[in-house]
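Heads up: the sequence lines are chains A and B, in that order.
Going by my numbering, the first sequence opens with residue 4, and the numbers climb by one from there.
Going by my numbering, the second sequence opens with residue 88, and the numbers climb by one from there.
Beneath this line is the structure, given in structure tokens, with notes to follow.
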Amino acid sequence: MTPTLSSLGKDLVGLEDLSAAQIRTILDTAEPFKEISERRIKKVPVLRGKTIVNLFLEPSTRTRISFEFAEKRLSADTVNLTAEGSSVVKGETLVDTARNLEAMRIDMVVIRHGASGAARFLADRIPSNVVNAGDGAHEHPTQGLLDILTIRDHLGGVAGRRVCIVGDILHSRVARSNIFGLLKLGAEVAVCGPLTLLPLGIDALGVRVFRRVEDAIEWADVLNVLRLQLERMTAGFVPSLREYNRFYGISSRRLARAGKELLILHPGPMNRGVEIDSDVADSPYSVILGQVTNGVAVRMAVLYLLAGGAPEAAEAAKRRGVG
Amino acid sequence: MNTRPRLLRGGRIVDPAGGLDTVLDLLIADGKVAAVGAGLEAPEAAEVTDCGGRVVVPGLIDLHVHLREPGGEHKETIATGARAAAAGGYTSVCAMPNTDPVIDSPAMVGFVAAAGRAAGLARVYPVGALSVGQEGERLTEIGELVGAGAVAVTDDGHPVMDSGLMRMALEYAQAFGVPVADHAEDLGLSRRGAMNEGLVSARLGLSGKPNAAEDVHIARDLLVAELTGGHIHLQHVSTRQGVELIRQAKARGVRVTAEATPHHLLLTDDAVDGYRTEAKMNPPLRTEPDRRAVEAGFLDGTLDTLATDHAPHHYDEKEQAFDDAPFGVVGLETALGLMLTHFVASGKMTMVTLVERMSTQPARAFGLPGGTLREGAAADVTVIDPSVRWRVDASEFHSRGLNTPFGGMRLTGRAELTLVDGKAVHGRGGQEGA
């Protein structure tokens, strides 16, 4: 099937590739889709007859489920493929897997892969629309979009807001998508974490670097707290989780000292007591569950737009209900 | 050699070893240079080649190629590599020992040498492993490797992390007159880096190898060479600090020779953008200040040899996500054209200096025959057409490896005829070939 040229182009590989206008289009299109998830019958027919393959070659729970809800609520037919029990473990290459799927006449592939650049690799080789659901340490654009949408919901806008991403920036695709997306929309962006977990020369991307989390809290309107993966400790990037929590953990004590209200985001899954304390995660400042809800709406918007849906018709599409 | 005599008539003969840069004739008989002079008579039955407008140089020598045999014949064989070399104007190549099995015994050295002779194209000189199995633990029988034909020892591809082992190699190899070739990389600093560590790696989310991983190893081995009086040959230098360390060591009289590669001279890590695996090699492409420093070092002779680090891979191996693709680019069939276009034609370097970097000095560094057109020398000769325009098209390569970062580039100048022992091993443009 020939892909339809959408306002986003053929694929969504990363926010670095999008213009500010394109990012706004996705966020605006997500607005009407939010409401669909609140209905008793959570379904509209805009992707009826479209086949989407969720190719998750790296473990994922929330992103995979969020995409699947988004696809089903738009009435697409979906197939899930994970690394375990598939031809991938039999040594099939990524490009062969993709071409085989392509031969079954699919319309879109949502890909999660452990290698940076895997989504671009696939997008360049198959005519279907490709949506990056996280590639290595490169980008996770729908996560970046849902984070930005959540900030916009709570602060009324993004431009001029100060957002600090805290934690393991080096290995984080969420960090990169947030940095690229937020900067395009005019936010001020900073990162904070142990230097072992910050890419050398990250400031050249246009972000501030804070070495002390107290300084970051002082400066920021929003903290996006990244998960500290346990294997970072065994690899020696941080000496211990206890020490990480002591110097970089977001605690209510630290927040209280700043004497202002901060919005707290976390892409999940959380390590309570490591990068974020429970009293923060469960506080009114935390919008973590709002992020999850927005995730479905943002992904619906992305799929709808890539399929050729007109941004201005999203409101009308929503009203059509199940045909 | 009982081939017909051959007269190369009226070419510009550039032979830095003999101090020649003049339009002359060159007569080859019995596989050797018989005479160089003006208005030479063609002997009876001689084949006469008109070299008007051509440059006649001592055959090019590449001190650093990976021919993949044994064990990686799907990537390249000694014969296909030697064919690619001849097509690129090379009459001699030095084959790195990181094959499977490793070239760490006299028998394995003998195998490479014999396969090279059997191919009968460019000469193939084996380089032996520095440590048994390239495991970095104990020295190979360097004396016996040299006896079997090895021209240097190295653990290329597997950096020697034990400074004490490097010291012993630099001491022990001196008795046999061979240099220790050194892939300088501190593995603790480079970790699992897939490209240069810098802004591009930060953007792409790829793990990086910092300059310092190469620099600390270069610094260490220059100091160990100074301590021992051994000859260190630093391979594929890619960093600005590395070039400066070598410059300083040379000024102190340390016995050091060093390579620049065409890709580090011409490209930066921007070429990786888009996750282009054909721009993935080790050491990685660095930044523009590094590229400029490598160029300056190549121009002033700090980096006194050009080497390609020809590293062929199968198409499927490079057709992967960046992290999963192997390191390496091919170079034998593009190096001369790239250098003629971007260094000689652009006026950065004279033809004489280029020949010094690509033939004279490589021969000296590894003590190889060749690198000269003096009378009596083996007739290893490259005839260059300096004005032919062509476009790099990997599908036309003789190498099995198509992994070039220069695909599609338009170049001016290339080898038209390559002679080894007076015998044509490559010819194009109306010239006879193998």
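Glycine included, each C-beta is placed from N, C-alpha and C at the ideal position.
Residue i - DSSP class collapsed to helix/strand/coil
i      : result
A/E142 : strand
B/T90  : coil
B/Y77  : Nothing can be reported for residue 77 of chain B, as the shown portion of chain B is limited to 88 through 521.
B/S179 : strand
A/M4   : Because the pLDDT at A/M4 is just 39, under 50, the model does not fix this residue reliably, and the point stays unresolved.
B/P103 : helix
B/E346 : strand
B/E519 : Here the model assigns B/E519 a pLDDT of 45, short of 50, so the residue's position is not dependable, and the following value carries that caveat. If DSSP states are grouped into helix, strand and coil, B/E519 belongs with coil.
A/D80  : strand
A/N135 : strand
A/H116 : strand
A/T100 : helix
B/E134 : strand
A/V325 : Only weak support is given to the placement of A/V325: the predicted model assigns it a pLDDT of 48, under 50, and the value that follows is read from those uncertain coordinates. A/V325 falls in the coil class under three-state DSSP.
A/S63  : coil
B/V196 : helix
A/S175 : coil
A/R123 : helix
A/M111 : strand
A/V299 : helix
A/S22  : coil
Partner residues on chain B for residue i, Cβ-Cβ distance less than 8 Å
i      : result
A/P270 : Near A/P270 there are no residues of chain B at all, since even the closest Cβ is about 15 Å away, more than 8 Å.
A/L97  : Q407 and A408
A/A140 : G292, L293 and S294
A/A121 : A408
A/R179 : R290 and G292
Interface partners of residue i on chain B, CB under 7 Å
i      : result
A/F124 : Y362 and A408
Beta-carbon neighbours of residue i, restricted to chain A and to distances below 8 Å
i      : result
B/E540 : Missing from the structure shown is residue 540 of chain B; chain B here goes from 88 to 521 and no further.
Under 7 Å from the C-beta of residue i: neighbouring residues of chain A
i      : result
B/D411 : A118
B/R170 : The premise fails here: B/R170 is roughly 29 Å from chain A at the closest Cβ pair, so nothing lies under 7 Å.
Beta-carbon proximity of residue i to residue j, cut-off 7 Å
i      : j      : result
A/N227 : A/I168 : yes
B/L274 : B/P246 : yes
B/K300 : B/L321 : It is worth fixing the name first, because residue 300 of chain B is Ala in this sequence and not Lys. Result no, Cβ atoms of B/A300 and B/L321 do not sit closer than 7 Å.
B/H400 : B/N298 : no
A/A118 : A/V16  : no
B/G494 : B/A481 : yes
B/V91  : B/A121 : Note that residue 91 of chain B is Arg in the sequence shown, not Val. Contact flag unset, no.
B/D117 : B/R96  : no
B/S325 : B/V417 : no
B/P145 : B/L460 : yes
A/G137 : A/R176 : yes
A/S255 : A/D282 : yes
B/P103 : B/V330 : no
B/V311 : B/L257 : yes
A/G120 : B/A289 : no
B/H304 : B/P370 : no
A/L186 : A/V192 : yes
B/V470 : B/V143 : yes
B/H523 : B/V152 : Any answer about residue 523 of chain B is impossible in this case: the structure gives chain B only from 88 up to 521.
A/G10  : A/P48  : The sequence given here has Ser at residue 10 of chain A, not Gly. Against a cut-off of 7 Å, the Cβ pair of A/P48 and A/S10 comes out as no contact.
A/L125 : A/V301 : no
B/D242 : B/Q261 : no
is_contact[residue i, chain E] using C-beta, thresh 7 Å
i      : result
B/L286 : Protein chains in the displayed structure are A and B, and chain E is not among them.
Any non-hydrogen atom of the ligand FMN closer than 6 Å to residue i Cβ
i      : result
B/G230 : Of the ligands one can find in the structure shown there are none, so the ligand FMN has no counterpart to examine.
Point to revise | Segments assigned alpha helix (DSSP H), at least 4 residues, entirely inside the region 405 to 455 of chain B | key: Whole alpha helix (DSSP H) segments, 4+ residues: 422 to 426, 438 to 442 and 448 to 453.
Practice item. Return the chain-ordered ranges of every alpha helix (DSSP H) run that is complete within the region 240 to 275 of chain A and spans a minimum of 4 residues. Key: Runs found: 244 to 251 and 255 to 261.
Check your understanding: Between the region 195 to 222 of chain A and chain B, which residues of the former have a C-beta closer than 8 Å to a C-beta of the latter?
Key -> Here the close residues are P202, L203, G204, I205, A207 and L208.
Point to revise | Interface residues of the region 165 to 191 of chain A facing chain B [CB-CB below 7 Å] | key: Near chain B, meaning a CB-to-CB distance below 7 Å, the residues of the region 165 to 191 of chain A are R176 and R179.
Review point. Which residue spans inside the region 203 to 285 of chain B form an unbroken alpha helix (DSSP H) run of at least 4?
Key: Along the length of the region 203 to 285 of chain B, whole alpha helix (DSSP H) runs at least 4 residues long occupy 229 to 234, 250 to 259 and 274 to 277, reported in chain order.
Point to revise | beta strand (DSSP E) runs wholly inside the region 293 to 361 of chain B, at least 3 long, in chain order | key: The region 293 to 361 of chain B contains these whole beta strand (DSSP E) runs: 319 to 321 and 343 to 347.
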